[in-house]
Amino acid sequence: MAGCLNSELFCSLISPHSPDVFFAEIFEQRPMYFKGNLPSAQRSHLLSWEYLDEVLLRCLSLGCPESSELVIYKNLAPCEDYTSPAEAYLQGASLIINNVDQLWRPVHTFCRALKFPSVYANCYVTPQFSQTAPPHADDRDVLVLQLEGEKHWSIYSSPVYLPYPSEQVGKDHLEVPCEVLDSQNTRMLQTLRAGDVLYVPRGFVHEAKTSSLSSLHLTVAIPTFDWSKSKVMIDALQDHIDGPAEVEREPILQRIGQPDLEMHSIF
Numbered sequence: 001m002a003g004c005l006n007s008e009l010f011c012s013l014i015s016p017h018s019p020d021v022f023f024a025e026i027f028e029q030r031p032m033y034f035k036g037n038l039p040s041a042q043r044s045h046l047l048s049w050e051y052l053d054e055v056l057l058r059c060l061s062l063g064c065p066e067s068s069e070l071v072i073y074k075n076l077a078p079c080e081d082y083t084s085p086a087e088a089y090l091q092g093a094s095l096i097i098n099n100v101d102q103l104w105r106p107v108h109t110f111c112r113a114l115k116f117p118s119v120y121a122n123c124y125v126t127p128q129f130s131q132t133a134p135p136h137a138d139d140r141d142v143l144v145l146q147l148e149g150e151k152h153w154s155i156y157s158s159p160v161y162l163p164y165p166s167e168q169v170g171k172d173h174l175e176v177p178c179e180v181l182d183s184q185n186t187r188m189l190q191t192l193r194a195g196d197v198l199y200v201p202r203g204f205v206h207e208a209k210t211s212s213l214s215s216l217h218l219t220v221a222i223p224t225f226d227w228s229k230s231k232v233m234i235d236a237l238q239d240h241i242d243g244p245a246e247v248e249r250e251p252i253l254q255r256i257g258q259p260d261l262e263m264h265s266i267f
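Note that full-length UniProt numbering gives residue 73 to position 73 of the sequence shown, counting from 1, and the numbers run on in steps of one.
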């Protein structure tokens, strides 16, 4: 995390807290709201309603990066019933542009300026009186940047401490325990308006709704699961056994019994 300690951008987003205080007392411990820490000029340069059409066109083009995709949600679930994003949005569906930082340079530059080991950004477009996704937890920490409109957030406790991908409640048929959604377990109720920033720790169950105003926000994901010891060891072991991705790998059935298939220390 040493890089982000020296990031002027990151410091401005979490003000009045210093990075030292943020990582010692807040990070992966509790949600935190930062009022108005994203100025108007910065928001309009980053992404706005004005540029959304261009971003959507890039996402749907043939040259779109594989990691970027448009996902449409209706009634709290993915939906493929629409012929275009405009039709979906006008009929009350929400739009999610995953890895928008790979499509839109201002967002890419913003993410780089945070100086984390790695970050990426998703864009959420939610019409009036809607909720995109059901209550759920993520395997990553996130900074929510409210760019346009407003959104009402409910953040609950964490039923699984620092969950791995297979432990994200509210996803892949893994239900959120009923007691987590009890009002006694609500950690924060907060309305985000344009310019506000919200930190949601890894594993904390959350949901967000709009009311009379539509919402455009960015979720900047800090993929802390990718930095866990087990993930680093698994990736290192895979590279050691299979070789780098750019090298043609021999099918496993052709290698059975060969000496080079034996396990060797990766340390």
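Backbone N, C-alpha and C define an ideal beta-carbon position, used for all residues, glycine too.
With a Cβ-Cβ cutoff of 8 Å, do residue i and residue j count as a contact?
i, j, result
"L95", "I72", "yes"
"V169", "A133", "no"
"L143", "L13", "yes"
"T224", "R193", "no"
"T210", "P135", "no"
"D101", "Q146", "no"
"V200", "P16", "no"
"A157", "R187", "Reading off the sequence, residue 157 comes out as Ser, not Ala. Yes, they are a contact pair."
"P163", "P177", "no"
"C4", "L103", "no"
"F110", "L46", "yes"
"S215", "K171", "no"
"L213", "G149", "yes"
"W227", "P117", "yes"
"Y120", "A221", "yes"
DSSP three-state label for residue i, please.
i, result
"F27", "coil"
"A86", "helix"
"R255", "Note that R255 scores a pLDDT of 46, beneath 50, so its modelled location is shaky; the value from the coordinates is reported in the next line. If DSSP states are grouped into helix, strand and coil, R255 belongs with coil."
"L181", "helix"
"L237", "helix"
"S166", "helix"
"K151", "strand"
"L261", "Low local confidence applies: a pLDDT of 42 at L261 is under 50, so the model's placement there is unreliable, and no value is given."
"F267", "With a pLDDT of 36 at F267, under the threshold of 50, the predicted position of this residue should be treated as unreliable, and no value is reported."
Starting from the Cα of residue i, find the closest Cα among the options and give me that residue.
i, options, result
"N99", "Q29, L70 and S212", "L70"
"H108", "W227, I241, L237 and L218", "L218"
"F129", "L62, A208 and C123", "A208"
"I155", "L174, V180 and Y164", "V180"
"D139", "Y89, E28, F22 and W49", "E28"
"Y51", "V125, T191 and H152", "V125"
"Q190", "E25, F34 and C11", "F34"
"I97", "N122, N75 and Y161", "N122"
"S68", "L76, T83, A77 and R58", "R58"
"N75", "I241, Y120, A88 and D242", "A88"
"H173", "A77, P19, L60 and D20", "A77"
According to DSSP, what are the bridge partners of residue i?
i, result
"D141", "I222"
"S94", "Y73"
"Q146", "H217"
"residue 310", "Nothing about residue 310 can be reported from this structure: the residues present for the chain run from 1 to 267 only."
- Query: What are the complete beta strand (DSSP E) segments, minimum 3 residues, inside the segment 185-210?
  - Reply: 186-193, 197-200 and 206-209
- Query: Where are the beta strand (DSSP E) runs, 3 residues long or more, that stay fully inside the segment 102-137, in chain order?
  - Reply: 120-126
- Note down, one range per segment and in chain order, each alpha helix (DSSP H) of at least 4 residues found wholly within the segment 3-78. 8-14, 40-46 and 49-60
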